[in-house]
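The structure appears right after this line, and notes come after that.
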Amino acid sequence: MPLLRLDERLISDEEIFNVLRRNYQIPMVVRELILEQETASIALETGLEEKLLNDFCKQRQLESPEALQGFLRANHLDEALLKKMVSRPERVMRYREERWGPRANSLYLKHKDRYDMVTYRRLQCGNADLLQEVFFRIKDREESWESLARQFNPGDPQANARVGPVPASQLEPPLLEALRQSGVGKVIRPIQLDHQTVLAELEAFEASQFDNKLREQILREEFDAWLKEACSKMLNKVTFSS
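The opening position of the sequence shown corresponds to residue 125 in our numbering, with each subsequent residue numbered one higher.
The structure is reproduced here in structure tokens:
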């Protein structure tokens with residue numbers, strides 16, 4: 125059954141899906157269908173969709189009817205589809221709140237450590253023997269992190285080996301554990317991480333606080349993890365009729 129007309133040519137649904145498959149777009153289609161289904165029941169207040177559309181038009185300078193119609197034609201949309209598009213972020217936000225909001229605090233407590241902020245010094249290279257030598261030079265205060273960082277990065281005169289503050293979740297687990305155990309101001313012995321050897325020293329450790337910003341981050345993370353898993357499961361069930 126034709127779904128699309130290009131000039132005088134009718135394009136079938138099979139041709140359209142073959143184009144999507146050749147361009148690796150089926151995961152995107154599945155993702156959109158899952159989001160459409162899950163957020164369809166999220167109600168918006170009367171007039172909110174219209175307001176979101178008006179805000180979109182102001183941002184894109186589409187305030188005249190002619191400009192809006194030109195935009196719709198150029199992007200092969202109609203106003204109903206555009207309203208769905210501009211209201212999607214609001215629906216997703218409300219879906220996150222409805223599904224994970226009541227559990228946000230317990231989710232934070234469950235994974236509290238990953239949100240702690242860490243500031244530390246770090247040097248790394250593929251030569252374990254060199255890092256062992258550097259370890260003793262820093263430990264014995266023969267050289268500073270700054271001077272060694274510039275030697276490791278000769279093209280960066282501002283190099284100082286400092287990283288952070290960054291969430292603890294961004295650190296490799298073995299490195300994070302070693303820094304926690306060593307405490308502030310103590311250089312840890314070189315650690316092998318994949319194909320790199322890492323030398324580090326903890327400068328500061330700041331325990332996380334459950335505020336609105338972190339709460340929103342947790343809701344986004346839970347949503348993203350759920351969506352990734354839902355897409356993976358659905359993609360395993362995708363079939364095409366021959």
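Positions of the beta carbon are idealized from the N, C-alpha and C atoms, including for glycine.
Using the C-alpha atoms, what's the distance from residue j back to residue i?
i	j	result
V216	E345	13 Å
N142	Y148	10 Å
S188	L338	40 Å
A349	R261	43 Å
L233	C249	36 Å
R223	S230	13 Å
F347	D131	42 Å
K402	A164	Residue numbering for the chain in the displayed model covers 125 to 366; residue 402 lies beyond these limits and cannot be assessed.
P100	I342	A query on residue 100 cannot be resolved here, the shown segment of the chain reaching from 125 to 366 and no further.
P278	R265	21 Å
D237	D335	15 Å
In chain order, what residues of the same chain lie with their CB nearer than 7 Å to the CB of residue i, ignoring the 5 residues before and after it?
i	result
K207	E173 and L177
A354	I158
Apart from the five residues just before and just after residue i, which ones in its own chain have a Cβ nearer than 6 Å to its Cβ?
i	result
L186	L192 and F195
A331	D240
Assign residue i to one of two classes, buried (16 or more other C-beta atoms within 10 Å of its C-beta) or exposed (fewer than that).
i	result
I140	exposed
L247	buried
R146	exposed
R370	There is no way to answer for residue 370, as the model of the chain reaches only from 125 to 366.
Between residue i and chain C, is there a C-beta pair that is closer than 7 Å?
i	result
E270	Checking the listed chains, one finds no chain C in this structure; it contains a single protein chain.
* Could you tell me whether the segment 284 to 302 touches the segment 261 to 271, using the rule of 3 or more Cβ pairs below 8 Å? => Under the three-pair Cβ rule at 8 Å, the segment 284 to 302 counts as touching the segment 261 to 271.
* Asked: If we count Cβ pairs, one from each stretch, closer than 8 Å, do we get three or more for the segment 248 to 256 versus the segment 313 to 327?
  -> yes
* For the 8 Å Cβ check, are there 3 or more pairs between the segment 179 to 191 and the segment 148 to 157? -> no
* Residue ranges of each alpha helix (DSSP H) run of no fewer than 4 residues wholly in the segment 169 to 225, ordered along the chain? -> Within the segment 169 to 225, the complete alpha helix (DSSP H) segments at least 4 residues long are 172 to 183, 189 to 198 and 203 to 224, listed from N- to C-terminus.
* Would you say the segment 196 to 205 touches the segment 235 to 254, given that touching needs at least three Cβ pairs under 8 Å? -> no
* **At least 3 beta-carbon pairs within less than 8 Å: the segment 304 to 319 vs the segment 212 to 231** => Contact annotation: the segment 304 to 319 does not touch the segment 212 to 231, with fewer than three C-beta pairs closer than 8 Å.
* **Unbroken stretches of the beta strand (DSSP E), 3 residues or longer, contained in the segment 261 to 347** => Look at the segment 261 to 347 and you find these whole runs of beta strand (DSSP E), each 3 residues long or longer: 286 to 291, 315 to 317 and 320 to 330.
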